[in-house]
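Worksheet for the structure shown next.
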Amino acid sequence: MKKFGLIIIFLIAGLTVTGQRLKSKISADQRRQEITLLQKSLISLHPGLYRYNTPEQIDNYFRELLQKVSGEVTDEAYFILLSQFVTKIKCGHTYLNPWNQKKEVANNYFSKSYIPFLFRAVGRKFIITHNLSEHPEIRKGDEIISINGIPVHTILDSLWTVSRSDGNNGQGKKSDNMNIVPIDIDTGNYSMFDIFFPLFFPENFNIASYHFEIKPFKGKSSSITARSLSKKDRQQVYVSRFGKIPMHEENWEFRFLNPETAYFRIGDFEIWDWKTDYKKNLDSVFKAVGRVHSPNLIIDIRGNEGGDDEARDELLSYIIDKPFGCENPTRRLYRFLRIPDTLMPYLTTWEKEAKQPKNENDYTRTAAGFYERNEAIRQPCIPISPKPNVFKGNVFLITNSNNSSTTFTLADIFQVMHRGNIIGDKTGGTKQGLNGGKFLFLNLPYSKIEIDIPIIWQAPTTARQDEGIVPDYIVPETQKDIARHHDAQLSFILNLISKQKTKLR
């Protein structure tokens with residue numbers, strides 16, 4: 016009770032009586048209209064609204080939200096309340112997407128000052144991975160105890176309420192969302208911490224400096240004051256100290272660790288921003304492995320949430336030597352065939368098809384009230400064939416909890432096909448199926464806030480557990496690993512290969 020009491024105290028004290036804005040730009044009536052629009056949109060469109068909540072629970076959540084927004088609420092508090100609400104759906108693809116917010120929303124809600132550290136959440140600690148401050152004594156592996164007098168555990172408890180995940184497999188993913196990693200600080204990207212820390216604790220909004228309590232990996236804690244950084248300055252300092260941020264093609268890394276072991280890190284599958292052909296890139300990787308006749312291949316997808324499904328399948332076709340993809344086929348289920356006319360003005364999308372009405376003769380309604388394409392019922396799965404130069408050696412896949420979209424599916428197929436060993440942490444995502452495939456973007460008319468709504472449930476054909484992919488060998492990352500620049504998962508695999516090699520002698 017004490018933990019949640021602290022959250023409420025900070026939320027009320029920080030977001031209703033602050034130095035930011037005491038009054039909202041929109042009225043209570045306008046907020047209520049937006050909540051009603053959100054309710055109609057989710058009920059009409061979202062395929063996962065009632066998967067982890069009953070209709071009664073969802074109705075209660077909406078009633079509670081309406082009650083909260085009917086009082087004196089700042090714009091910042093409203094942004095948080097909406098984020099907390101959609102998190103209750105337990106869908107990792109339903110959120111206030113920072114990449115889809117209008118410029119005026121980003122200017123109003125997102126602070127322009129940033130802490131001068133990158134960190135990873137390890138347990139209930141923020142462990143520094145990169146120091147961008149003017150204090151060279153701060154080392155990798157040191158722990159942030161507090162920021163401007165706010166204990167990290169209080170920050171964690173607050174951010175936890177807006178951290179997205181799928182199903183009830185949320186512990187690791189929710190924690191992972193709080194990390195600030197190099198790719199996050201590119202000026203075109205965002206991190207959850209950067210957005211929500213100053214919203215929950217508005218005294219940190221657009222400030223010149225931060226007061227930190229830092230505890231070295233070995234030693235006593237001490238206090239420092241460090242200058243805040245702008246988004247542009249933070250990126251420039253990072254590049255000057257640590258090198259270029261790996262983006263797009265450069266977020267894939269291939270090298271040989273030794274003549275017998277190749278290493279392939281895939282930072283993301285967001286190949287739509289590439290200037291080169293990702294298929295040629297993959298082909299060159301596996302041609303190189305073939306030329307050297309390397310018996311071992313390590314594929315590292317840690318930190319890779321997802322991206323393009325076709326790129327994922329293209330990779331798998333190089334490492335699985337028989338047709339795959341139909342062992343646990345998924346169904347593509349819709350909540351609707353036609354979007355209600357009253358919602359159309361508020362919805363945008365990447366693909367025109369997502370908003371177009373579907374021919375009801377092409378679909379069958381399931382007993383659970385979803386719509387499934389007749390063609391998919393007749394042919395639920397088309398197997399994917401292996402490449403002629405498919406790799407037949409030993410494959411080791413490194414995972415962590417950030418693998419929650421197409422990388423969750425990659426790990427699932429890899430495990431179901433018994434292709435090799437998985438090492439690392441349990442993935443995010445859930446075997447009960449993800450919501451995604453196509454998206455509608457709900458644009459609230461008064462606040463201008465956007466909310467992503469996935470419209471396809473990629474449902475398993477047979478019932479599966481609400482869980483992520485559990486590695487064959489669970490090897491968590493520790494503060495000690497970070498402090499000593501030690502890659503525990505990679506070291507474990509190399510040791511495993513060495514032992515296997517010894518047995519064969």
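Residues in the sequence shown are numbered from 16 upward in steps of one, following the numbering used here. Here a beta-carbon is modelled for each residue, glycine too, at the ideal position from N, C-alpha and C.
If you check the CB distance, Ile471 and Pro217 do not come in under 8 Å. Just so you know, the alpha carbons of Ser419 and Gly443 end up roughly 4 Å apart. For Asp467, the uninterrupted beta strand (DSSP E) run begins and ends at Glu465 to Pro475, by DSSP. In this structure, DSSP gives Phe125 a state outside helix and strand, which the three-state scheme calls coil. Just so you know, the alpha carbons of Gly258 and Lys83 end up roughly 46 Å apart. With fewer than 16 other beta carbons inside 10 angstroms of its own, Cys341 counts as exposed. Using a Cβ-Cβ distance cut-off of 8 Å, the stretch 87-96 and the stretch 439-454 are not in contact, since fewer than three pairs of beta carbons, one from each stretch, lie closer than that value.
Note that the stretch 277-295 touches the stretch 323-334; at least 3 beta-carbon pairs, one per stretch, sit closer than 8 Å. Boundaries cannot be given for Trp289, as no alpha helix (DSSP H) includes it and DSSP labels it neither H nor E. In the DSSP assignment, Trp175 falls outside any beta strand (DSSP E) and within the unbroken alpha helix (DSSP H) covering Val167 to Trp175. Nearest neighbour of Ser173 by Cα position, chosen from Pro151, Ile210 and Ile200, turns out to be Ile210. Contact annotation: Asp481 and Gly182 have beta-carbon atoms nearer than 8 Å. The C-alpha of Ile142 is placed about 28 Å away from the C-alpha of Phe269. Shown here for Tyr110: same chain residues with a beta carbon closer than 8 Å to its own, the five before and five after excluded, namely Ser98, Val101, Thr102, Arg179, Ile466 and Asp467 in chain order. Per DSSP, the beta bridge partners of Ser237 are Ile229. When the beta-carbon positions are compared, Ile200 and Tyr278 stay at least 8 Å from each other. DSSP, read as helix, strand or coil, puts Thr202 in coil.
Per DSSP, Glu152 lies in no beta strand (DSSP E) segment and is marked neither H nor E.
Counting along the chain, Leu111 sits inside no alpha helix (DSSP H), nor does DSSP assign it H or E at all. Nearest in C-alpha terms to Phe125, of all of Gln48, Gln72 and Tyr205, is Tyr205. DSSP, read as helix, strand or coil, puts Gly322 in strand.
By the Cβ criterion, the stretch 481-493 is not in contact with the stretch 296-312, since fewer than three pairs of Cβ atoms, one from each stretch, lie closer than 8 Å. In the DSSP annotation of this structure, the continuous segment of the beta strand (DSSP E) that includes Asp315 starts and ends at Asn311 to Asp315. Beta bridge pairing from DSSP links Trp267 with Ile281.
Going by DSSP, Lys247 is part of the alpha helix (DSSP H) stretching over Lys246 to Phe257. Within the model, the alpha-carbon separation for Pro398 versus Pro338 is close to 6 Å. DSSP, read as helix, strand or coil, puts Arg353 in coil.
With the rule of 3 Cβ pairs closer than 8 Å, the stretch 309-319 does not count as touching the stretch 374-393. The alpha-carbon separation between Arg47 and Ser85 amounts to approximately 7 Å.
Between Leu412 and Arg280, the alpha-carbon positions lie close to 10 Å from each other. In terms of Cβ geometry, Asn404 and Phe301 form a close pair [threshold 8 Å]. Annotated three-state conformation of Phe507 is helix, per DSSP.
The Cβ-Cβ distance between Tyr129 and Ser243 falls below 8 Å. When C-alpha distances from Glu366 are compared across Lys453, Thr517, Pro372 and Phe227, the shortest belongs to Lys453.
The alpha carbon of Asn194 has as its nearest neighbour, out of Gly451, Pro360, Asn184 and Gly138, the alpha carbon of Gly138. In the DSSP annotation of this structure, the continuous segment of the alpha helix (DSSP H) that includes Leu214 starts and ends at Met207 to Phe215.
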